[in-house]
Amino acid sequence: MKALRNFKDSNDVESIWMLTREYRGIAGAGGVKDVSRDLAESLARAGYEVSVFMPRYGFIKPEELSFKNPCPQFDVDLHYAREERREGVGFWRRNLNGVDIILVEAVRFSEKLGIYLYTEEEERIDPSHKKGDGHLDYFAMNILLQKAVLDYAIFTGIRPDVFHCQDGHTSVLPAMMREIDGFRQYFEDSGALLTIHNAGLGYHQDVADLFFATAVTGLPQRAIYNAVLNGSFNPFLAGAAYAPINTVSENYARELQETELDALTGWLGHTLKDRGILIEGITNGINPDEFSPKQPGKLGLPAAFDPARGDLAGKSICRKELVIRAMFGDISGIKTYGAIDYSPSQPLITVVSRFSEQKGLDILGEVLENLLSEDKKVQVIILGSGSRDIEKRMISLAEHLADEERLALLIGYDSTLANLIYAAGDFFVIPSRYEPCGLTDFMAQLMGNLPVVHTTGGLVKVKDGFNGFTYKDSAPDALMKCMNRALNAYRNSPDTIREMQINAVRNIYENYTWSKVREKYIRLYSKAKRSIKK
Numbered sequence: 001m002k003a004l005r006n007f008k009d010s011n012d013v014e015s016i017w018m019l020t021r022e023y024r025g026i027a028g029a030g031g032v033k034d035v036s037r038d039l040a041e042s043l044a045r046a047g048y049e050v051s052v053f054m055p056r057y058g059f060i061k062p063e064e065l066s067f068k069n070p071c072p073q074f075d076v077d078l079h080y081a082r083e084e085r086r087e088g089v090g091f092w093r094r095n096l097n098g099v100d101i102i103l104v105e106a107v108r109f110s111e112k113l114g115i116y117l118y119t120e121e122e123e124r125i126d127p128s129h130k131k132g133d134g135h136l137d138y139f140a141m142n143i144l145l146q147k148a149v150l151d152y153a154i155f156t157g158i159r160p161d162v163f164h165c166q167d168g169h170t171s172v173l174p175a176m177m178r179e180i181d182g183f184r185q186y187f188e189d190s191g192a193l194l195t196i197h198n199a200g201l202g203y204h205q206d207v208a209d210l211f212f213a214t215a216v217t218g219l220p221q222r223a224i225y226n227a228v229l230n231g232s233f234n235p236f237l238a239g240a241a242y243a244p245i246n247t248v249s250e251n252y253a254r255e256l257q258e259t260e261l262d263a264l265t266g267w268l269g270h271t272l273k274d275r276g277i278l279i280e281g282i283t284n285g286i287n288p289d290e291f292s293p294k295q296p297g298k299l300g301l302p303a304a305f306d307p308a309r310g311d312l313a314g315k316s317i318c319r320k321e322l323v324i325r326a327m328f329g330d331i332s333g334i335k336t337y338g339a340i341d342y343s344p345s346q347p348l349i350t351v352v353s354r355f356s357e358q359k360g361l362d363i364l365g366e367v368l369e370n371l372l373s374e375d376k377k378v379q380v381i382i383l384g385s386g387s388r389d390i391e392k393r394m395i396s397l398a399e400h401l402a403d404e405e406r407l408a409l410l411i412g413y414d415s416t417l418a419n420l421i422y423a424a425g426d427f428f429v430i431p432s433r434y435e436p437c438g439l440t441d442f443m444a445q446l447m448g449n450l451p452v453v454h455t456t457g458g459l460v461k462v463k464d465g466f467n468g469f470t471y472k473d474s475a476p477d478a479l480m481k482c483m484n485r486a487l488n489a490y491r492n493s494p495d496t497i498r499e500m501q502i503n504a505v506r507n508i509y510e511n512y513t514w515s516k517v518r519e520k521y522i523r524l525y526s527k528a529k530r531s532i533k534k
């Protein structure tokens, strides 16, 4: 039985349907998976009726995950510009931790072996589907998911109070809900909320063919042309005309609508502002107990420790295990370059990141060349993959220093290895040019690994000298100076470092648990509900 909520008003929200392309434990590629699951489960614990809809990709085996298939099957309108078309959909369902998870079955989804990108196997089957390229039918995939959910509601006779649309992949739904006959009448009492996880160019899910956009969505031309940004139909712009919109930190919302960083989005934020639409900010939360080194078993750590109490003895054990795993372990999907030995007296700088210019890994590469040349008593370990140019530069540096055993580069990703890096490290570097929120800084802090960050977007939650080290200019010199400040504190002010580690953990528990963050989303759900009453 769901817990009873302690409030009720005329705009009360009982049921939330979340649309997402990712959900941790089922299909994940980035931070969307974590927000989707953690927010959904937090809402369910608070007594809300929560359903999550996502595609059933080809790599998801529903029966193995205890999904059942008793749900309806029907056809969904998905017309092309010169062809009236319908595509069949079905549904798989299970309840997970109080949340109803519903997978949308369709050929367009099941033929995909990656969430957003083609895989090596898909390229082998069809050479035009190059590994690492985005799906050619991305827009049709997104619209099919959204229409399937709207049709599912009508088919089952259920009207959710609010649809929560995660990122540009699901952001056309509010427009379709308000503009298409049948949907407009049925959902007249349902609201919607859009959440931007990344507004950078390449993340909008926009489409340049306006005739195609009109046909596939079924929207009137007026709605299509009103949502054009830089020559393309923009889902964020389309949905925000009919629903409140937020992003994943207060500072990122400010940057989008008040600074020139919005140029990186094609001026989406300023366009919304010019239309009188405010992007609200809610900094993502975390379930800190899930990343607590006090419970090492579930994180794959060899020893327990407690940074909040200044108990860090287990970190050195984790560091030794990390060296063994990185240097001598055979980890599936990981290629190791360079070398690192076990030197617990030396500070360990850590990185877990996608290799991209957005993440600032090109800047970091330049800084590490200088730092490791000037400071012979520091070690670095890096886990990640991405840009081939950045990978090549990092590999070259790691191999050049291999004999010194001070830099290990691990190309690929493994969650247990990432946890070991968080736990073993002294400093965790995030040199992002822009960062909507950031989650790895939380994970590192919970394991006594102090972040060194560029003060952008959600990374402003790191306060210099309190729970980490920060720098303002996205430039190699600024990062170098900041890292040297951190290393100087490590060597000359260990008590200050210990106090910062304690502050970091306490700050997360006091301000960033999902039980606190969800209340801000509940307010936006109520706003979404109120907005349809005007």
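Numbering (my numbering), first residue to last: 1 to 534.
Cβ atoms here follow ideal geometry from the backbone N, Cα and C, with glycine treated the same way.
| Item | Value |
| --- | --- |
| Leaving aside the five residues before and after Glu188 along the sequence, list all residues of the same chain whose C-beta is less than 8 Å from its C-beta, in chain order. | Ile532 |
| Might you give, ordered along the chain, the residues of its own chain that have their beta carbon closer than 7 Å to the beta carbon of Val323, omitting 5 neighbours on each side? | Ile340, Asp341 and Tyr342 |
| Measure the beta-carbon distance from Leu459 to Gly438 and round it to whole angstroms, keeping in mind my assumption that it falls under 8 Å. | 5 Å |
| Relative to the C-alpha of Gly297, which residue among Lys392, Arg319, Ser316 and Thr416 is closest? | Thr416 |
| Considering only residues of the same chain and omitting the five flanking positions on each side of Leu65, which have a CB-CB separation below 8 Å? | Ile26 and Arg94 |
| Looking at Leu256 and Ala199, is the spacing between their C-beta atoms short of 8 Å? | yes |
| Which one of Met327, Leu312, Leu450 and Ala46 has the shortest CA to CA distance from Arg607? | There is no way to answer for residue 607, as the model of the chain reaches only from 1 to 534. |
| Between Arg325 and Ile331, what straight-line distance do the alpha-carbon atoms span, to the nearest angstrom? | 8 Å |
| For Gln501 and Gly448, which I take to be in contact (beta-carbon distance under 8 Å), what is that distance rounded to the nearest angstrom? | 5 Å |
| According to the neighbour-count rule (16 or more other Cβ atoms, all chains shown, within 10 Å of its Cβ), is His400 buried or exposed? | exposed |
| From the DSSP output, in three-state form, read off Val323 for me. | helix |
| Could you tell me the boundaries of the alpha helix (DSSP H) in which Ser385 lies? | From DSSP, Ser385 is part of no alpha helix (DSSP H) but of the beta strand (DSSP E) over Gln379 to Gly386. |
| Report all residues from its chain with a CB closer than 7 Å to the CB of Thr119; omit the five preceding and five following residues, and keep chain order. | Leu113 and Lys131 |
| For Ser432, which three-state DSSP category applies? | coil |
| In the DSSP assignment, what are the bridge partners of Tyr555? | Nothing can be reported for residue 555, as the shown portion of the chain is limited to 1 through 534. |
| For Met18, count neighbouring Cβ atoms within 10 angstroms of its own Cβ and tell me buried if that reaches 16, exposed if not. | buried |
| Assign Leu201 to one of three DSSP states: helix, strand, or coil. | coil |
| Can you tell me whether Asn246 is buried or exposed? The criterion is at least 16 other CB atoms within 10 Å of its CB, across all chains shown. | buried |
| Which residue's Cα is closest to the Cα of Ser515: Ala423, Asp389, Ile286 and Tyr203? | Ile286 |
| Counting only runs that start and end within the stretch 323 to 354, where is the beta strand (DSSP E) found for 3 or more residues in a row? | 335 to 340 |
| From Leu383 to Asn370, what distance separates their C-alpha atoms? | 20 Å |
| Pull up the distance between the alpha-carbon of Thr195 and that of Asp167, whole angstroms please. | 5 Å |
| By how many angstroms is the C-alpha of Leu103 removed from the C-alpha of Gly276? | 36 Å |
| Since I believe Val452 is in contact with Lys465 (beta carbons under 8 Å), could you give me their beta-carbon distance rounded to a whole number of angstroms? | It should be pointed out that residue 465 corresponds to Gly in this sequence rather than to Lys. Contact doesn't hold; Cβ gap of about 12 Å is too wide. |
| How big is the Cα-Cα spacing for Tyr422 and Phe211? | 49 Å |
| Run the CB neighbour count on Lys392, radius 10 Å, all protein chains shown included, and call it buried at 16 or more, exposed below. | exposed |
| Would a C-beta distance cut-off of 8 Å place Ala208 and Ala81 closer than the cut-off? | no |
| Pick out the complete alpha helix (DSSP H) segments inside the stretch 32 to 113, 4 residues or longer, and give them in chain order. | 107 to 110 |
| Going by C-alpha to C-alpha distance, which of Asp34, Ile16, Glu14 and Val13 sits closest to Glu290? | Asp34 |
| By DSSP, does Met483 sit in helix, in strand, or in coil? | helix |
| Can you tell me which residues form a DSSP beta bridge with Ile196? | Thr247 |
| Cα separation between Met443 and Glu123? | 35 Å |
| For the stretch 304 to 314 against the stretch 266 to 283, are there 3 or more C-beta pairs whose distance is under 8 Å? | no |
| Assuming Leu368 and Leu410 form a contact by the criterion Cβ under 8 Å, report the distance between their Cβ atoms to the nearest whole angstrom. | Contact doesn't hold; Cβ gap of about 15 Å is too wide. |
| Quick one: grab the DSSP three-state call for His164. | strand |
| So, at 8 Å on beta carbons, what are the nonlocal neighbours of Ala227 in its own chain, with the 5 sequence-adjacent residues on each side left out? | Ala175, Phe233, Asn234, Pro235, Leu237, Ala238 and Ala241 |
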